[in-house]
Amino acid sequence: MEAANPSGDLSAEMEVDAFRRLFPLRFFDRHLVESIRPDGRPLGRARDTTLALGAVASADGSALAKIGSTTMLAAIKLEVMTPATESPDEGSIAIDFHMPPICSPMVRPGRPAEAAPVISKQLSDTILSSGVINLKELCLISGKAAWMAYLYPEERNNMNLKVDKLWNFMITIVDIYCLDADGALFDAALLSAIAAFSHLEIPVVSLDEDGRVVILSQDEGLKTSNEPVNAEKRKLTLSDIPFSLTCILYKNYILADPTAEEESVMETLITVVLDSSYQLVSLYKPGGSVLAYTSALQDCIALTRHRVQELKKILDEAMSEMEVD
Amino acid sequence: MVGLSLGEKHFIQGGIAQDLRSDARKRLTYRPIYVETGVIPQANGSAAVKMGATEVIASVKAELGKPTSLHPDKGKVAIFVDCSPTAAPAFEGRGGEELSAELSTSLQQCLLGGKSGAGAGIDLSSLSVVEGKICWDLYIDCLVVSTDGNLLDALGAAIKAALSNTGIPRVQVAAGATGDEQPEVDISDEEFLQFDTSGVPVIITLTQVGKHYIVDATAEEESQMSSAISVSVNRHGRICGMTKRGGAGLDPSVILDMISVAKFVSEQLIIKLDSEISAAEAREEE
Amino acid sequence: MSGKGGSAPHPTTYSPSPQNQKRPKSLIFKDNVDWVRPDGRGFQHCRPAFLRTGAVNAASGSAYAEFGNTKVIVSVFGPRESKKAQMYSDIGRLNCNVSYTTFATPVRGQGADHKEFSSVLHKALEGAIILESFPKTTVDVFALVLESGGSDLPVVISCASLALADAGIRMYDLVTSVSVSCLGKNLVIDPIFEEENCQDGSLIIACMPSRNEVTQLTITGEWSTPKIHEAMQLCLDACAKLGMVMRSCLKETASSQE
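Chains as they are written, first to last, in UniProt numbering: chain A, 1 to 325; chain R, 1 to 286; chain P, 1 to 258.
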């Protein structure tokens, strides 16, 4: 694993370790000249990525994403809401990114990580602006016909109907927990959130006597007096899924998918988000000491294009595995 | 923190081994307990308990509330402990918070029974007014005024005394409320129901020093403990809750032995506490 | 359970509850009818345990535990520098923190720290760790409950001692923890969420199985002495078995590293 370690015996390895800690920049320089990174990757390659859907049973949709050792657990809980007055036919999405103390030695209880709110905002901007989720689909009773069919045959008083109509939308609350922080947190968080959305199912619901929405379990749906108001469980249609790649700009090098060590040594990051038809969703370069030429940006976008293909395949595989189970 | 020299430590440990403690007590003897009731006039019930230099105050405030959907026929009780900065320099600022939280949790475990409400020292069903709609919520607030060891036992005794001092106003429920409506109530200013405290357990903390265990340890003795357990025992000799207060591990057989010692001590403590409480009530009425 | 729920963060929304919760559940556990546990186990059977060390690379040591639906990750950091404000100490310090994810419980929670569990975890572990082996420094034990499926605290304690072993912190023995719930006349071991919610009493033991020492014991509810005896024996036996599972998990990790 140590390219700068010609002998390989234990004492020499210790020296490399010391060199790595004392002169991190020189250590990386020595590697980069050889076009290789300390973990043996070429500069433009991302780490191995895995996805597992349905990791949390207590959530309505969940996914565990792993990029190298960076691990993210995203889980979605559905709650019933009244739509906002400015968009009366839409549900809504709330996204929260958490970095609990278990994920990194830098985070301590009671002192939240600085990065968490930044990534949280970036995630919700990306997911909302990409239009991957059609907020109109978060309506509980889909289609006017179903709504009408329910309206008349049931004997309910007007008051309840008002309540029903108001509480007709779902808010999807996405909580993403970083379980192991080893760089490229945004990429892993976005991947886990998207995967959780693809796992999410909107349950069959009914209304109880007080006009509150209750979930019907499958076997129960048939025998209760309460008629289900939507016919069957359904998945959301994900159009134009956003995928991202974070790169480090250092001197003339571009390092894709950095580890935590690389991020701490070389500070200039650039995050590109493309959707599945390769349209640019967002591009994020939060300052840093290296200024980027447009050619460097284009290189980053090209790397991201390649990465999107990989991630698409990984997501498809995870989803088809889920269906087989 | 108690700063003790090596000689003092040996003296305390040696005394306990010979069943003659620094203040001439035996291992299983409590310090004299002094109870005063009705110390806070605006509360529904209150009491101050002194054990040596340890002094605590408990007050009970009753408010009408809504029962939880899980237990519609029961009231709710909340216990909070606050450590006054006057009691110890360590309690200044946020210093007392951790101890306060620990004492509150231990008291809740010892007095409030299991999750279903069974085995609670405080009879929660007597707090129900209208099933599913209205119940009494008891807020028990305790204050540690001065500390010289054995806080948990003193707090337990103060709560027991404060509860027997508590009068809950009689409530008239207006008839005619149906369905989901919240019935109207009339709280009496004159008629009070005495709270039944016969089931409230006492808490006994056994502190292990060397090979022996002692009750009612002073702060100096507590600094020498290897471990301690607190057992709450009711009048019928049944265990109502128990916690271990950190420290070294204990052999299971030792724990069982400690429980039986605690049961034995509890009988005397309950009698002692009952007579102190009734004496205090008599004084208050004069 | 305090500290877990509280008021909803989105006051204008609510989680639709499954309809079957309207039926009072406690009826199922009555003494006079024969009942089986919701997951079909015998009263004295623990859930199958899955344990793995090295779940978090960023930590000095870590472990993941899955007992039925209860899923927990514990990371151990250190020994590292104590907080600046703390005084000199010739023995090491132990700092414990337990928190829940917002989606751990059926109703979305706050994801806040669980103070009560943090302090019990500290008490359960401090008797087993050789604090003298890391003077002046602090070992941090952080636990995150990913999913709460009942018996959370015992699982956290067992998982934490495994993570400490993975971090190479010196201990007298592993700490294993098991709880029993008292439901009417019956004692059920390793209760799930539904059983804990209507229990009449509970007993949680944390012990060092090889040394036969109890590091932490908590009892709630009303118990007779013989019942305590029975429950303790049940827990201690289960603790011993869990200890063997944990040992073999550590051995597996060690042999795979060679």
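Virtual Cβ for every residue (Gly too), placed ideally from N, Cα, C.
All figures in this text were calculated on a predicted structure; none of them were measured in a lab.
> Assuming P:Gly-201 contacts P:Gly-68 under a Cβ cut-off of 8 Å, what Cβ separation, rounded to an integer in Å, is found between them?
Replying inline: For the purposes of this step, residue 201 of chain P is taken as the residue at position 201 of the third sequence. For the purposes of this step, residue 68 of chain P is taken as the residue at position 68 of the third sequence. In fact, because the Cβ distance is near 21 Å, the residues do not count as touching under 8 Å.
> So the alpha helix (DSSP H) R:Gly-38 belongs to, where does it begin and stop?
Replying inline: Position 38 of the second sequence, counting from 1, holds the residue named residue 38 of chain R. Counting along the chain, R:Gly-38 falls outside any alpha helix (DSSP H), and DSSP gives it neither H nor E.
> Looking at the structure shown, is R:Met-242 part of a helix, part of a strand, or coil, going by DSSP?
Replying inline: Counted from its first residue, the second sequence places residue 242 of chain R at position 242. In this structure, R:Met-242 counts as strand in the three-state DSSP scheme.
>> So with CB distances below 7 Å, who are the chain A contacts of P:Leu-183?
In response: Along the third sequence, read from residue 1 onward, the residue named residue 183 of chain P stands at position 183. Around P:Leu-183, no beta-carbon contact reaches into chain A at under 7 Å, the shortest distance being about 23 Å.
>> In chain order, what are the residue ranges of uninterrupted beta strand (DSSP E) at least 3 long that sit wholly in the stretch 78–144 of chain R?
In response: 128–130
> Between A:Leu-222 and A:Pro-203, what straight-line distance do the alpha-carbon atoms span, to the nearest angstrom?
Replying inline: Indexing the first sequence from 1 puts residue 222 of chain A at position 222. Indexing the first sequence from 1 puts residue 203 of chain A at position 203. The pLDDT assigned to A:Leu-222 is 47, lower than 50, so where the model puts this residue is not dependable; a value taken from the coordinates is nonetheless given after this. Cα to Cα, A:Leu-222 sits roughly 15 Å from A:Pro-203.
> Using a Cβ-Cβ distance under 7 Å, would P:Val-72 count as near chain A?
Replying inline: Taking the first residue of the third sequence as 1, we reach residue 72 of chain P at position 72. Closer than 7 Å: no.
> According to DSSP, which residues form a beta bridge with P:Ala-49?
Replying inline: Counting from one through the third sequence, the residue named residue 49 of chain P turns up at place 49. BP columns for P:Ala-49 point to P:Phe-67.
> With a CB to CB cut of under 8 Å and the five nearest residues on each side skipped, what residues in its chain are close to R:Phe-192?
Replying inline: Locating residue 192 of chain R in the second sequence gives position 192, where the first residue counts as 1. Excluding residues within five positions, the ones whose Cβ falls inside 8 Å are Gly-167, Ile-168, Pro-169, Arg-170.
>> Please classify R:Gln-109 as buried or exposed, where buried requires at least 16 other C-beta atoms within 10 Å of its C-beta.
In response: Working through the second sequence from its first residue, we reach residue 109 of chain R at position 109. R:Gln-109 is buried by the Cβ-count criterion.
> According to DSSP, what are the bridge partners of A:Ile-254?
Replying inline: Position 254 of the first sequence, counted from the first residue, corresponds to residue 254 of chain A. Beta-bridge pairing links A:Ile-254 to A:Leu-249.
> What are the start and end residues of the alpha helix (DSSP H) that includes P:Asn-186?
Replying inline: Residue mapping note: residue 186 of chain P aligns to position 186 of the third sequence, counting from 1. Annotation for P:Asn-186: no alpha helix (DSSP H) segment contains it, though the beta strand (DSSP E) segment containing it runs 186–189.
>> Less than 6 Å between C-beta atoms, sequence neighbours within five positions excluded: which residues of the same chain meet that for P:Val-141?
In response: Translated into the one-based positions of the third sequence, residue 141 of chain P becomes position 141. Cβ within range, chain order: Val-76, Cys-96, Ala-160.
>> Any beta carbon of chain R sitting closer than 7 Å to that of P:Gln-21?
In response: Here residue 21 of chain P corresponds to residue number 21 of the third sequence, with the count starting at 1. Caution is warranted here: a pLDDT of 43 is assigned to P:Gln-21, below 50, making its placement in the model unreliable, and no coordinate value can be reported.
>> Quick check on the DSSP output: what are the complete alpha helix (DSSP H) runs of length 4 or more inside the stretch 54–138 of chain P, in order along the chain?
In response: 115–126
>> If I measure Cβ to Cβ from R:Glu-131 and keep anything under 6 Å in the same chain, skipping five residues before and after, which residues do I get?
In response: Here residue 131 of chain R refers to the residue found at position 131 of the second sequence. Cβ-Cβ distances below 6 Å link R:Glu-131 to Pro-72, Asp-73 in the same chain, with the five nearest sequence neighbours on each side left out; the list follows chain order.
>> Only counting the same chain, and skipping five residues up and downstream in sequence, which positions put a Cβ closer than 8 Å to that of R:Gly-247?
In response: One-based indexing of the second sequence puts residue 247 of chain R at position 247. Gln-208, Met-225, Ser-226, Ser-227, Ala-228, listed in sequence order.
>> Quick check on the DSSP output: the alpha helix (DSSP H) that includes P:Arg-247 runs from which residue to which?
In response: What you label residue 247 of chain P is simply residue 247 of the third sequence in a count that begins at 1. 225–257 is the extent of the alpha helix (DSSP H) around P:Arg-247.
> Name the residues in the stretch 58–80 of chain A whose C-beta lies less than 7 Å from a C-beta of chain P; which are they?
Replying inline: Residues passing the 7 Å Cβ filter: Ser-58, Ala-59, Ser-69, Leu-73, Ala-75, Lys-77, Glu-79, Val-80.
>> Quick check: is the beta carbon of A:Ala-181 nearer than 7 Å to any beta carbon in chain P?
In response: Against the first sequence, residue 181 of chain A aligns to sequence position 181. So yes, A:Ala-181 belongs to the interface.
> Comparing alpha-carbon positions, which option in R:Asp-23, R:Lys-115, R:Tyr-30, R:Tyr-139 lies nearest R:Ser-59?
Replying inline: Sequence index remark: in the second sequence, residue 59 of chain R carries index 59 (1-based). When each option's Cα is compared against that of R:Ser-59, the closest is R:Tyr-139.
> If you check the beta carbons only, do R:Gly-15 and R:Asp-148 fall under 7 Å apart?
Replying inline: If you number the second sequence from 1, residue 15 of chain R lands on position 15. If you number the second sequence from 1, residue 148 of chain R lands on position 148. For R:Gly-15 and R:Asp-148, no; Cβs fall outside 7 Å.
>> What residue range does the alpha helix (DSSP H) around A:Thr-294 cover?
In response: Residue mapping note: residue 294 of chain A aligns to position 294 of the first sequence, counting from 1. From DSSP, the alpha helix (DSSP H) with A:Thr-294 extends over 294–324.
> Quick one: any contact between the stretch 125–132 of chain P and the stretch 167–181 of chain P, if contact means 3 or more CB pairs under 8 Å?
Replying inline: yes
> Using the beta-carbon of each residue, which ones in chain P are nearer than 8 Å to A:Cys-103?
Replying inline: In the first sequence, the residue the question calls residue 103 of chain A occupies position 103. Within 8 Å Cβ-Cβ: Val-56, Ala-58, Ser-75.
>> Taking the beta strand (DSSP E) that residue 290 of chain R belongs to, which residues open and close that run?
In response: Shown here, chain R extends from 1 to 286; a query on residue 290 of chain R therefore has no answer.
> Using a Cβ cut-off of 7 Å, which residues of the stretch 82–108 of chain R contact any Cβ in chain P, in chain order?
Replying inline: Ala-101, Glu-102, Thr-105
>> Only counting the same chain, and skipping five residues up and downstream in sequence, which positions put a Cβ closer than 7 Å to that of R:Ile-270?
In response: Sequence index remark: in the second sequence, residue 270 of chain R carries index 270 (1-based). So the list reads Val-202, Arg-235, once near-sequence residues are dropped.
>> Using the Cβ count rule (16 or more neighbours within 10 Å means buried), how would you classify P:Tyr-88?
In response: Locating residue 88 of chain P in the third sequence gives position 88, counting from the first residue. In summary, P:Tyr-88 is exposed, with fewer than 16 beta-carbon neighbours lying within 10 Å of its beta-carbon over all protein chains present.
> Quick one, which residues of the stretch 197–213 of chain P are near chain R if we go by CB-CB under 8 Å, in chain order?
Replying inline: Asn-197, Cys-198, Gln-199, Asp-200, Gly-201, Ser-202, Cys-207, Met-208, Arg-211, Asn-212, Glu-213
>> Suppose you measure from the CA of R:Arg-38 to the CA of R:Ser-146; what does that come to, to the nearest Å?
In response: On the second sequence, residue 38 of chain R is found 38 positions in, with the first residue counted as 1. On the second sequence, residue 146 of chain R is found 146 positions in, with the first residue counted as 1. The question names Arg, but residue 38 of chain R in the sequence shown is Gly. Cα-Cα distance, rounded: 19 Å.
> Between which two residues does the alpha helix (DSSP H) harbouring R:Met-258 extend?
Replying inline: Taking the first residue of the second sequence as position 1, residue 258 of chain R is located at position 258. Per DSSP, R:Met-258 belongs to the alpha helix (DSSP H) from 252–285.
>> Tell me which residues share the same chain as A:Asp-96 and place their Cβ nearer than 8 Å to its Cβ, disregarding the 5 neighbours each side in the sequence.
In response: Along the first sequence, read from residue 1 onward, the residue named residue 96 of chain A stands at position 96. So the list reads Ser-120, Ile-173, Val-174, Asp-175, Ile-176, once near-sequence residues are dropped.
> Does the beta carbon of A:Val-56 sit closer than 7 Å to a beta carbon anywhere in chain P?
Replying inline: Walking along the first sequence from the start, residue 56 of chain A turns up at place 56. It does: the Cβ of A:Val-56 has a partner Cβ on chain P nearer than 7 Å.
>> Using only the alpha-carbon positions, how far apart do A:Leu-78 and R:Glu-102 sit?
In response: Position 78 of the first sequence, counting from 1, holds the residue named residue 78 of chain A. Position 102 of the second sequence, counting from 1, holds the residue named residue 102 of chain R. One C-alpha to the other measures close to 35 Å.
> Name the chain P residues whose beta carbon is nearer than 7 Å to that of A:Ile-173?
Replying inline: On the first sequence, position 173 is the one that residue 173 of chain A refers to. Arg-108, listed in chain order.
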